[in-house]
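Encoded as structure tokens, the structure appears first; notes follow it.
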Amino acid sequence: MTHHAIEPGSFRDRKSRVFYHDGAVLRGLGKDALEAWEMLSSAKFFSRYMAEGYVIPTRRAEDLSQVDSAITDEWAAVLEHKAVPFISYPYEWCFGMLKDAALLQLELLLAALEEDMILKDSSAFNFQWIGTKPVFIDIPSFEKLNEGEPWAGYRQFCQMFLYPLFLQAYKNIPFQNWLRGNIDGIDPEHFSNLMSLRDFLRPGVFMHVYLQAKLQAKYGSTQADIKGGLRRSGFHNAMIKANATRLQALVRRLNWQRSSSEWSDYAKTHSYTDTDFQRKEAFVREAVRLQRWGLVWDLGCNVGAFSRIAAENADYVVAMDADHLAIEHLYHALKAEGNSSILPLVMNVADPSPNLGWKGTERKALPLRGNPDLLLCLALIHHIVISANIPLGDFVEWLSSLGQSLIIEFITKEDRMVKTLLRNKEDIYRDYEQGYFEQCLSRAYEIKHRERLDSGTRFLYFARKRT
Amino acid sequence: MKTLLFCIVMLYVSLFYASESHAYLDPGSGSMVLQLLLGGLAGLAVFLKLFWRKLTGLFGLGKGKNNSSGRDTADR
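Protein sequence lines, in the order shown, are assigned to chains A and B. Reminder that position 247 of the first sequence reads as 363 in the numbering used here, one-by-one numbering, no gaps. Reminder that position 59 of the second sequence reads as 71 in the numbering used here, one-by-one numbering, no gaps.
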């Protein structure tokens with residue numbers, strides 16, 4: 117009996133539908149979508165970007181004999197997409213990642229326009245990542261260009277890409293929480309209200325923020341056929357090209373201004389002696405070498421030192437940290453190396469991404485996106501229990517629900533790092549105690565290796581889940 | 013050139029600054045009109061062509077009185 121599952125989040129495009137079959141990612145195309153696909157698959161830019169890895173490898177599915185005929189009968193054609201190793205969403209990306217996805221969006225739009233096609237929408241959810249490479253996945257977004265029509269995706273580009281980037285670059289406010297709170301992105305009128313007089317002089321603000329907000333308000337209840345009016349007046353795709361080209365230049369110049377001194381402190385704040393740090397690296401490396409790992413999650417990865425060690429013997433590593441500055445730096449370092457096996461993400465383990473969207477199925481909560489074989493939880497648990505005030509037993513149980521094996525570090529209350537957290541606080545954390553920690557760990561796991569670092573306040577554990 | 017564009021647009025926009033937001037009905041049309049202004053010189057030319065009567069009406073020039081300011085149909 118063949119098994120297929122319809123992707124519940126794939127309903128917005130009425131002309132196609134994503135479904136999964138035996139691990140493969142398939143897409144049913146309606147008649148219109150099939151016509152667009154036929155045009156797309158013969159376009160030069162499409163093969164070029166696919167070959168370079170910026171568009172998800174896609175082809176017409178050949179052998180449909182195993183697929184339920186209920187599916188194949190419903191659609192005019194079926195495409196097969198390469199699967200992405202780990203799904204992520206724009207509210208988990210750092211500034212650099214959103215910027216690079218925005219640039220790819222504009223580049224693909226311009227390339228399509230050259231061959232009489234257009235990217236009809238500009239959702240940031242049309243992009244995924246393979247390592248540090250952005251990949252466009254929403255193939256049916258490519259449609260035949262209708263001459264005289266404006267670019268329908270422009271407003272969405274502003275809401276999902278431009279305004280979040282402006283928020284960080286111009287106001288030094290992280291965009292991730294806003295995007296998580298509103299999956300359609302930032303509304304032009306709301307963003308316009310944030311702009312000060314000084315901001316109006318910044319590149320792109322007057323045109324793309326202020327005017328858009330004003331015109332959105334002005335035309336919000338219009339009965340007029342604006343689209344038809346524009347076409348009759350001679351709207352031309354050269355105008356889309358002009359806009360997209362200037363947007364490219366604008367986005368390229370956007371940078372997250374951050375003090376470099378902030379960053380240089382990172383290397384120092386790990387506060388380990390050199391010997392201790394080397395010993396920790398060796399411990400992690402020994403555990404990583406025990407077997408080949410498929411998927412590894414590094415929770416609280418900070419600068420990614422241990423994600424890199426895990427990647428030495430793993431297919432894919434997802435490096436997560438709540439500190440988006442750390443992720444930004446990790447992203448740029450990995451990007452410079454052309455790394456394709458580590459995905460950096462902004463993620464607060466104490467408040468990880470939840471189910472979002474219609475029926476809570478459009479965007480998936482973190483635990484639903486993968487089954488890691490190995491979890492790294494180094495220098496994290498004191499933040500979870502003491503800063504985030506989450507019971508230690510609960511946290512260890514949560515870890516055990518995620519993955520099979522675990523490398524975890526326990527730092528005692530005698531340690532300087534923990535003392536800093538407890539300063540000016542009443543110590544209500546009775547559960548934060550090594551004996552109790554080992555007890556909780558032993559409930560779900562078998563502790564295989566245990567090591568005490570020289571400082572005497574830091575302990576490393578490698579554990580495997582009990583079968 | 014940029015200053016001229018700025019002035020024209022500010023005049024037009026300030027006419028309607030008091031509009032309430034009805035974005036929930038149709039948030040897309042405003043962005044379509046904006047694309048004319050973002051579309052280089054060709055786009056600006058079309059924008060002026062479409063909204064010339066509105067703009068000249070501000071100064072009491074042109075063929076007749078402007079219609080009520082609530083009207084927002086693009087001129088043909």
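Glycine is no exception: its CB is placed at the ideal position from the N, C-alpha and C atoms.
- Those residues of the stretch 223–256 of chain A placed with their C-beta closer than 9 Å to a C-beta in chain B do not exist.
- Contact check for Phe578(A) against His565(A) passes: the beta carbons are separated by less than 7 Å.
- Here the C-alpha atom of Glu525(A) lies approximately 15 Å from the C-alpha atom of Ser423(A).
- When the five nearest sequence neighbours on each side are left out, the beta carbons in the same chain lying within less than 7 Å of the beta carbon of Asp148(A) are those of Lys131, in order along the chain.
- Between the beta-carbon of Ile443(A) and that of Cys210(A) there is about 4 Å, and that keeps the pair under the 8 Å contact cut.
- When CB distances to chain A are screened at a threshold of 8 Å, the residues of the stretch 46–65 of chain B falling below it are Leu46, Gln47, Leu48, Leu49, Leu50, Gly51, Gly52, Ala54, Gly55, Val58, Lys61, Leu62, in chain order.
- Following the DSSP letters along the chain, one finds Asp148(A) inside the alpha helix (DSSP H) bounded by residues 147–157.
- Within the DSSP bridge table, the entry for Asp437(A) names Val462(A) as partners.
- Closest option to Leu370(A), judged by alpha-carbon separation, among Met533(A), Gln339(A), Gln244(A), Asp216(A): Asp216(A).
- Listed along the chain, the chain B residues whose CB falls inside 9 Å of the CB of Leu346(A) are Met44, Val45, Gln47, Leu48, Val58, Leu62, Ala86.
- Thr528(A) and Asp510(A) have their C-alpha atoms some 18 Å from each other.
- For Leu313(A), the three-state secondary structure derived from DSSP is coil.
- Phe252(A) has Val171(A), Phe243(A) as its beta-bridge partners, per DSSP.
- The beta carbon of Ile299(A) sits no closer than 7 Å to any beta carbon of chain B.
- Of the candidates Gln182(A), His352(A), Phe162(A), Gln182(A) places its Cα closest to the Cα of Asp138(A).
- For Trp267(A), the residues of chain B that pass the 7 Å Cβ criterion are Gln47, in the order they occur in the chain.
- In the displayed model, Lys198(A) falls within coil according to three-state DSSP, outside both helix and strand.
- In summary, Ser158(A) is exposed, with fewer than 16 beta-carbon neighbours lying within 10 Å of its beta-carbon over all protein chains present.
- Using beta-carbon distances, Arg271(A) counts as an interface residue toward chain B, with a partner under 7 Å.
- The criterion of a C-beta distance shorter than 7 Å is satisfied by Gly247(A) and Ser456(A).
- As computed with DSSP, Gly144(A) is found in a beta bridge with Arg133(A), Val194(A).
- The straight-line gap separating the alpha-carbon atoms of Ala227(A) and Trp514(A) is approximately 46 Å.
- Across the structure, Gly144(A) and Trp474(A) are spaced so that their CA atoms are roughly 21 Å apart.
- DSSP places Glu562(A) in the uninterrupted beta strand (DSSP E) bounded by 561–568.
- Here Arg405(A) carries a coil assignment [DSSP, helix/strand/coil].
- With respect to Ala177(A), Val200(A) sits apart: the two C-beta atoms are not nearer than 7 Å.
- No Cβ-Cβ contact shorter than 7 Å links Glu542(A) with Thr573(A).
- In summary, Ile289(A) is exposed, with fewer than 16 beta-carbon neighbours lying within 10 Å of its beta-carbon over all protein chains present.
- With a 10 Å radius around the Cβ and a threshold of 16 neighbouring Cβ atoms, Asn262(A) comes out exposed.
- Of Leu225(A), Val134(A), Asp489(A), the smallest CA-CA separation from Val171(A) is found for Leu225(A).
- Contact residues of the stretch 350–362 of chain A toward chain B are Gly350, Phe351, His352, Ala354, Met355, Ile356, Ala358, Asn359, Arg362 (C-beta to C-beta distance below 8 Å).
- When the alpha-carbon of Ile497(A) is set against those of Ser469(A), Ala449(A), Glu549(A), Pro488(A), the nearest one is in Glu549(A).
- Per DSSP, Tyr326(A) lies in no beta strand (DSSP E) and is assigned neither H nor E.
- Under the rule that a run must span 4 or more residues, the alpha helix (DSSP H) segments found entirely inside the stretch 473–524 of chain A read 508–518.
- Taking the beta carbon of Ile342(A) as reference, the chain B residues within 7 Å of it are Ser41, Met44, Val45, Ala86, listed in sequence order.
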